[in-house]
Amino acid sequence: MTTVSLPMDEWKTIPWSKIERAVFKLQKRIYRASQRNDVKAVHRLQKLLIKSRSAKYLAVRRVTQDNQGKKTAGIDGVKSLTPIQRVEMVKKLELRERAAPVRRVWIPKPGKNELRGLGIPTLQDRALQTLVKLGMEPEWEARFEANSYGFRPGRSAWDAMAAIYNGIIFKPKWVLDTDIEKCYDRIDHTALLKKIDPSPLIRRQLRAWLKAGVLDQGRLYPTEEGVPQGGTISCLLANIALHGMEEGVGKLVENRRKRPILIRYADDLLVMHPDREVVEKSQEALTEWLAPMGLQLKPSKTRLTHTLNKGDDAPGFDFLGFNIRQYPVGKTKTGSNPKGRPLGFKTIIKPSKESIKRHVRALRSHVKNQIAGKQASLIRELNPVIRGWTRYYSTVCSSDTFSKLSHILFQQLRSWARRRHPRKGMKWVVRKYWRVDEGQGWIFQPRDNGARLCRHLDIPIERHVKVQGTRSPYNGDWIYWSKRLGRMPGVKKRVATLLKRQRGRCQWCGLLFRWDDLMEIDHIIPRKLGGKEAYYNMQLIHRHCHDIKTKSDPDEW
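Numbering of the sequence shown is given in my numbering, commencing with residue 6 and proceeding in unit increments.
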């Protein structure tokens, strides 16, 4: 008896480990060819990768299964695909030298009354952009400067903060804190394509995406400039447009050791140097450097300050939600004041006041939304907010801030509890919602031993180790990157422990985890069947592997 293989089964039986291994081998070859400036080899390998069926399968999987915005529709209204449709998309995935307009979506900027416009391409175009990005990213990772950290593989805002700390720890400096005005909306298309200098096939496709137009509330607007935010390749194109800025500013000083330090995270940047005159000249050099790309600095966000002494403004500055400032301490040999007397200082990085205010407002909003809800519902709503915020700031001096926020949240929860029981005393309210009388301290948890509220103080402070120089995941040093992934402060303790136990491999497909892989903790024996919340019953696997395992579990589970 013969069995017929259905099209739906084809997607489930794809050997993803072999596919990822094949794609990465090509990417590593592109990276090395770009390092030795072999343009012909880069273009040849990129063409090979784009036509590779393995890369097409990987691009479709990332867009339709792995990406957080996988269910966001473009102008065609398509926001999810069945396994059969995914296979059909792979077969039709070819560079077409044309593109559909993007759908304009307006989202609020955090903490502001302004709106940011996102351009959402169709699923087909997003898959094509991911395919082209697989080929272009290794080429430019070999060229990008060391102090560029935004939207790059293996780099994060924590690396940018570590670079700032290393730049000012031994000597106070003047700092130019600025960002680029409407960076994504004003990039010149001609200058960008000339800078990329891709193969003719990729050039025509990039031009089609850039000129596709924007559909906003039923009206089609042409796009004569700018890169639409929302596409999978948008951040890479913006980084390419801003590449070379560090070298351009560094030419102001001939001595390499005394050159100003430029640190960039996407379109936010700062320049540091002990001499104020050099920093002021850096601003002029940046303005001149950005002009050919159609960009300029934003005057309202350009600020010149000193890390230790009071200049035109108060000392210190905010960057990426952190406050960086130096404080004078006892007499040491770490610096000197204007009068020449020995003066010590210490560098402290902590959450900015504006970021703390936004977080307090978010907590208050969630508590008010659950004024008539159950305690368990309130805890489920608050825990992700608390964990996400505290983990982002868990690499700097945040202990005092976490303690203060824990107290503020307690006051909000106490008001929430008292409002629900206006005729009861405070002792009765405390016994109902907190576990004080059981000897567990001020733990906000239901009586039925449900989920407990995560406190800000529960997240430990772990210093982040900055990425070394110009290292990239495409250089093939997986020992370095696997160890680094396990030490990332943003990784949960359970995830880090499982990574170490599994030696960086997925327990389902056996493939090493990559920097951009989405991982999930799977319970070998489901909890509803009595499985324990213990390490021996947990394994770390890819999100797509988790979907496959769940569907293949026995019916009695």
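Glycine residues also receive a C-beta, built at the ideal position from the N, C-alpha and C atoms. Values in this document were obtained by computation on a predicted structure and should not be read as measured data.
Distance, Cα to Cα, I125 vs A167?
Here residue 125 is taken as the residue at index 120 of the sequence shown, counted from 1. Here residue 167 is taken as the residue at index 162 of the sequence shown, counted from 1. Rounded to the nearest angstrom, the two C-alpha atoms are 33 Å apart.
What does the Cβ neighbour count give for T87, buried or exposed, with the cut at 16 atoms within 10 Å?
Locating residue 87 in the sequence shown gives position 82, where the first residue counts as 1. Exposed, by the Cβ-count rule.
So, under 8 Å CB-CB, H412 and V390 are touching, yes? Tell me the CB distance rounded to an integer number of Å.
Against the sequence shown, residue 412 aligns to sequence position 407. Against the sequence shown, residue 390 aligns to sequence position 385. H412 to V390, Cβ: 17 Å. No contact.
In this structure, does DSSP put G340 in helix, strand or coil?
Locating residue 340 in the sequence shown gives position 335, counting from the first residue. Residue placement at G340 is poorly supported in this model, since its pLDDT is 48, which falls under 50; the coordinates are not used for a value here.
Distance check for K432 and R419, CA to CA, integer angstroms please.
Within the sequence shown, residue 419 is the residue found at index 414, counting from 1. Within the sequence shown, residue 432 is the residue found at index 427, counting from 1. Roughly 11 Å separates the two Cα atoms.
Which residues in the same chain have their Cβ closer than 7 Å to the Cβ of C550, if we skip the five residues on either side of it in sequence?
As a first step, residue 550 is located in the sequence shown; it is residue number 545 there, counting from the start. Cβ within range, chain order: C511, W513 and C514.
As a quick exercise: from T395, E15 and G122, pick the residue whose alpha carbon is nearest that of P113.
On the sequence shown, position 108 is the one that residue 113 refers to. For P113, the nearest C-alpha among the options comes from G122.
Once the 5 residues before and after A246 are set aside, which same chain residues still bring their CB inside 6 Å of it?
Within the sequence shown, numbered from 1, the residue matching residue 246 stands at position 241. Excluding residues within five positions, the ones whose Cβ falls inside 6 Å are I192, L197 and M298.
7 Å CB neighbourhood of K52 in its chain, flanking five on each side removed
On the sequence shown, position 47 is the one that residue 52 refers to. Same-chain partners within the cutoff: S204 and L206.
Taking the beta strand (DSSP E) that Y170 falls in, what are its first and last residues?
Residue mapping note: residue 170 aligns to position 165 of the sequence shown, counting from 1. Careful: Y170 lies outside any beta strand (DSSP E), inside the alpha helix (DSSP H) at A162 to I173.
Give me the Cβ distance between R424 and I376, rounded to the nearest whole Å; I'm assuming they're in contact under 8 Å.
In the sequence shown, counting from the first residue as 1, residue 424 sits at position 419. In the sequence shown, counting from the first residue as 1, residue 376 sits at position 371. Indeed they touch by this definition, with Cβ atoms about 7 Å apart.
Hey, out of L410, V68, I169 and R499, whose CA is closest to D323's CA?
Within the sequence shown, residue 323 is the residue found at index 318, counting from 1. Per the Cα distances, I169.
Quick check on the DSSP output: what are the complete beta strand (DSSP E) runs of length 3 or more inside the stretch 77-120, in order along the chain?
107-113
Could you give the first and the last residue of the continuous alpha helix (DSSP H) run that contains Q301?
The residue labelled residue 301 in the question sits at position 296 within the sequence shown. Per DSSP, Q301 belongs to no alpha helix (DSSP H) and is neither H nor E.
Looking at C-alpha atoms only, which residue of W214, V28, V180 and R67 is the closest neighbour of L50?
Within the sequence shown, the letter at position 45 stands for residue 50. That would be V28, whose Cα lies nearest to the Cα of L50.
Do you know whose CA, among A78, G140 and I464, lies nearest R3's CA?
The requested residue 3 is not part of the displayed model; the chain covers only 6 to 562.
When you compare only the Cα positions, how much space is there between N342 and G446?
By 1-based counting over the sequence shown, the position of residue 342 is 337. By 1-based counting over the sequence shown, the position of residue 446 is 441. Residue placement at N342 is flagged as unreliable, the pLDDT there being 49, under the threshold of 50; the coordinate-derived value follows with that caveat. Rounded to the nearest angstrom, the two C-alpha atoms are 48 Å apart.
Residue of K351, D81, E150 and L31 minimising C-alpha distance to F175
Here residue 175 is taken as the residue at index 170 of the sequence shown, counted from 1. The residue with the shortest Cα to Cα distance from F175 is K351.
Confirm, please, whether the CB-CB distance from V180 to T69 is below 7 Å.
Taking the first residue of the sequence shown as position 1, residue 69 is located at position 64. Taking the first residue of the sequence shown as position 1, residue 180 is located at position 175. No; because the gap between Cβ atoms is not below 7 Å, this pair is not in contact.
Within 7 Å, strictly: CB atoms of G536 and H528
Against the sequence shown, residue 536 aligns to sequence position 531. Against the sequence shown, residue 528 aligns to sequence position 523. Yes. Within cutoff.
Every unbroken beta strand (DSSP E) inside the stretch 433-500 [3 residues or more]:
none
If you draw a straight line from the C-alpha of Y270 to the C-alpha of V435, how long is it?
As a position in the sequence shown, residue 270 is number 265, starting the count at 1. As a position in the sequence shown, residue 435 is number 430, starting the count at 1. Answer to the nearest angstrom: the Cα atoms are 46 Å apart.
Just verifying my parser: in three-state terms, what is the DSSP assignment at E525?
Residue 525 sits at position 520 when you count from the first residue of the sequence shown. The answer is strand: DSSP assigns E525 an E or B state.
Decide if D521 is buried, meaning its Cβ has at least 16 other Cβ atoms within 10 Å, or exposed.
Residue 521 sits at position 516 when you count from the first residue of the sequence shown. That one is exposed.
Tell me whether P205 sits in a helix, a strand or coil according to DSSP, three-state version.
Taking the first residue of the sequence shown as position 1, residue 205 is located at position 200. P205: helix per DSSP, three-state reduction.
Nearest to E538 by CA position, among G218, L215, L516 and R499, is which residue?
Residue mapping note: residue 538 aligns to position 533 of the sequence shown, counting from 1. If we check each option's Cα against that of E538, R499 comes out closest.
Same chain only: Cβ atoms within 7 Å of P451, ignoring 5 sequence neighbours per side
Within the sequence shown, the letter at position 446 stands for residue 451. Only Q380 and A381 meet the Cβ criterion.
So L136 and A243 are supposed to be a Cβ contact under 8 Å. How far apart are they, rounded?
Sequence index remark: in the sequence shown, residue 136 carries index 131 (1-based). Sequence index remark: in the sequence shown, residue 243 carries index 238 (1-based). About 19 Å; that fails the 8 Å criterion.
What are the boundary residues of the beta strand (DSSP E) that V180 is part of?
Position 175 of the sequence shown, counted from the start, is the residue given in the question as residue 180. First-last of the beta strand (DSSP E) with V180: W179 to D184.
Note down, in chain order, each residue of its chain lying with its Cβ closer than 7 Å to the Cβ of I353, except the 5 sequence neighbours on either side.
In the sequence shown, the residue the question calls residue 353 occupies position 348. These residues qualify, in order along the chain: R330, Y332 and C402.
Touch check for the stretch 277-286 and the stretch 257-266: three-plus C-beta pairs under 8 Å?
yes
I need the DSSP call for R5, collapsed to helix, strand or coil.
Here the chain has residues from 6 to 562 only, and residue 5 is not among them.
Considering D552, what are the terminal residues of the alpha helix (DSSP H) in which it resides?
To locate residue 552, count along the sequence shown from 1; it is residue 547. Here the alpha helix (DSSP H) through D552 covers R548 to S557.
Can you give me the Cβ contacts of T292 inside the same chain, cut-off strictly under 8 Å, excluding the 5 residues immediately before and after it?
The sequence position of residue 292 within the sequence shown is 287, counting from 1. Hits under 8 Å: Q301 and L302.
Considering only residues of the same chain and omitting the five flanking positions on each side of G335, which have a CB-CB separation below 7 Å?
By one-based count along the sequence shown, residue 335 stands at place 330. The residues are G349.
Within 10 Å of its beta-carbon, does I530 have 16 or more other beta-carbons around it, so buried, or fewer, so exposed?
Here residue 530 is taken as the residue at index 525 of the sequence shown, counted from 1. Under this definition I530 is an exposed residue.
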